[in-house]
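As structure tokens, the structure follows; a few thoughts come after it.
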Amino acid sequence: MPPATPRRDRPPGLDLLIELVETGPPGARGTRRRAVEEALRTAIRQGRLAPGVRLPATRHLAEQLGLSRGTVSQAYEQLIAEGWLTARTKAGTRVAEDAGPQPRPSGIAPTAAPGLRHDLSPGRPDVSAFPRVAWSRALRRAIHEAPAEAFGYGDPRGRIELRTALAGYLGRVRGVRVAPEHLVICSGFAQALGLLAAVFAETGVPALAMENPGMPEHRAAAAARLPVLDLAVDDQGLRVDALAGSAARAVLCTPAHQFPLGVSLSPARRAALLAWAEECRGWIVEDDYDGEFRYDRRPVGALQGRRPDRVVYAGSVSKSLGPAVRLGWIACPPPLLEPLMAAKRLADRQTPTLEQLALADLLDSGAFDHHVRTMRTSYRRRRDALAGAVAERLPHARLTGIAAGLHAILQLPLPADLDEREIAAALRRGSVLARPLSEYLHGQDPAETPPALVVGYATPAAHAYPAALDALVGALQGLCGRSRRL
Ligand SMILES: Cc1ncc(COP(=O)(O)O)c(C=O)c1O
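Just so you know, the numbering used here puts 143 at position 138 of the sequence shown, and the rest follows in order with no gaps.
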């Protein structure tokens, strides 16, 4: 007979850990019932049973405790009468919402956007367009068709199915040269960076150079492992000349579309960076975070394709599918592979397997390419709408970094008496969320940086985007009273 599965309309067979202490004379009437009541009160008072938590059905708890069902039913009834528990037909018996200690505020700020209606913060794809149908089909297929061993521990590099599919895809789309054996699947770029920083620290890399401006979270993650040096960026990309004579033996960079400035590393700088790596036996970490989204020119191939032995290539699905999937990859030069696998094993043994198989399925079936193509068209339209609105209504502002990606830099020619705080206040009044460029600059006084915003144009959902654009441009136009030049 197949094992019974819990049905929604039947109280579930939940487990509950409580300890009965019988206080009355052994065998006296009501001693066990009171022990159950007191054990539940104590668990609720101590917060072990939180408000809203469902309790086992009386039959199940009676079985667990070796008591009669009537004893447990009476205990529940008493606690319901005292207000510790509530009982509703479908919802079952639960801890009352106002019972037990009230949670104290944690003091941790929420991570979501701070309640502003028009979210144009950079770095996010349009998650309302997540390919739910294709993903759930692929995930279902993975669950049904994966061999039993796929549900156990496996190779810390990840599933061979995904590594094979990715090696093909990255070669075809980004010019990456990698064999499946040299790919390591990880939880997004965030984990890739943590693992690589650990490997660099362990293998004696004295310092890691990072682009400035860049992602503050990435800088902090790397700096927790090894010394970090800032590298300036200009209109040709990162200043490779600043590496000469520095202690850096590894560089983290975004050559296809510098984050956040949006410039592409010029051919001369690419050659200079590769020459630096060759000369000092250094490592280049290429963060190809939005390589799929290039609009006006042919895609710039990955730097890794030029020197797979010196460039560590990293990417993720955070821009193509959505950050919730948490799948990323590292194409790793052979000398770093063993320490990287060891770091990955130590960190979390392996990346969730079923999602890996689902992504392999999307890549093999062409559904991934299809989604990326659809999104590229949508983002290009959004970018054009942003560029059009700026040209028409803020003619003296400059929009740069728009050839690729999901964000642009909006440079605001403000007079000296208007600073970023006032821009931020104007945006707040318009309920618009966009980031000042200064948030991405390390060790620089915001007052000394030219006022600019990093505007993400991949969010919000398509129906809400025109209103968000209008609110952004309107809020900045509102500053016109103070600045004739805007
Ligand atoms: C510069 C840069 N690199 C990489 C990523 C992707 O990070 P993850 O894969 O951890 O979501 C982002 C996402 O915002 C980013 O801005």
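Don't be surprised by glycine CBs; every beta carbon is placed ideally from N, CA and C.
Put residue i into one of helix, strand or coil per three-state DSSP.
i	result
residue 461	strand
residue 334	strand
residue 497	No answer is possible for residue 497: it lies beyond the span of the chain, which begins at 6 and ends at 491.
residue 6	Bear in mind that the predicted position of residue 6 carries a pLDDT of just 45, short of 50, making it too unreliable to give a figure here.
residue 73	coil
residue 89	coil
residue 12	With a pLDDT of only 49 at residue 12, under 50, the local geometry of the prediction cannot be trusted, and the value read off the model is given with reservation. Note: residue 12 maps to coil in three-state DSSP.
residue 215	strand
residue 318	strand
residue 187	helix
residue 405	strand
residue 60	coil
residue 113	coil
residue 25	coil
residue 263	coil
residue 486	Low confidence applies to residue 486: its pLDDT is 49, below 50, so where it sits in the model is not reliable enough to give any reading.
residue 491	Caution applies to residue 491, whose pLDDT of 47 falls short of 50 and renders its modelled position unreliable; the model cannot decide the point.
residue 441	strand
residue 242	strand
residue 286	coil
residue 382	helix
residue 305	coil
residue 427	helix
residue 235	strand
residue 137	helix
residue 181	coil
residue 466	coil
residue 255	strand
residue 393	helix
residue 193	helix
residue 372	helix
residue 268	coil
If you measure between the beta carbons of residue i and residue j, is that distance less than 9 Å?
i	j	result
residue 122	residue 476	yes
residue 411	residue 128	yes
residue 61	residue 103	no
residue 59	residue 105	no
residue 253	residue 234	yes
residue 178	residue 374	yes
residue 293	residue 307	yes
residue 133	residue 466	yes
residue 324	residue 297	yes
residue 143	residue 329	no
residue 22	residue 89	no
residue 221	residue 445	yes
residue 151	residue 358	yes
residue 200	residue 348	yes
residue 207	residue 344	yes
residue 136	residue 376	yes
residue 281	residue 257	no
residue 302	residue 161	no
residue 241	residue 271	yes
residue 48	residue 267	no
residue 91	residue 101	yes
residue 436	residue 425	no
residue 205	residue 255	yes
residue 124	residue 461	yes
residue 69	residue 42	no
Quick test of your reading: residue i and residue j, contact by CB under 8 Å. State the CB separation rounded to the nearest angstrom.
i	j	result
residue 231	residue 215	In fact, because the Cβ distance is near 11 Å, the residues do not count as touching under 8 Å.
residue 18	residue 65	5 Å
residue 362	residue 167	7 Å
residue 130	residue 327	6 Å
residue 219	residue 356	Contact doesn't hold; Cβ gap of about 25 Å is too wide.
residue 158	residue 378	Their Cβ separation, rounded to whole angstroms, is 36 Å, which puts residue 158 and residue 378 out of contact at 8 Å.
residue 431	residue 483	6 Å
residue 407	residue 388	6 Å
residue 474	residue 394	5 Å
residue 334	residue 319	7 Å
residue 226	residue 243	That belief does not hold up - the Cβ atoms of residue 226 and residue 243 are roughly 19 Å apart, past 8 Å.
When you compare the CB of residue i with every CB in chain C, is at least one pair closer than 9 Å?
i	result
residue 54	Given the protein chain composition of this structure (a single chain), no chain C is represented.
Is residue i near ligand 2, going by C-beta to nearest heavy atom under 8 Å?
i	result
residue 205	Ligands present in the displayed structure are limited to ligand 1, and ligand 2 is not among them.
Using 8 Å as the Cβ pair cut-off and three pairs as the minimum, do the region 411 to 418 and the region 447 to 461 touch? yes
Three or more C-beta pairs closer than 8 Å, one from the region 304 to 316 and one from the region 276 to 291: is that the case here? yes
Taking 6 Å as the limit, tell me which residues put their C-beta closer than that to any heavy atom of ligand 1, in chain order. 128, 193, 194, 195, 220, 259, 264, 292, 294, 321, 323, 328, 333
Cβ contact (3+ pairs, closer than 8 Å) linking the region 27 to 44 and the region 68 to 86: yes
Can you find at least 3 beta carbon pairs, one from the region 392 to 404 and one from the region 174 to 194, that sit closer than 8 Å? no
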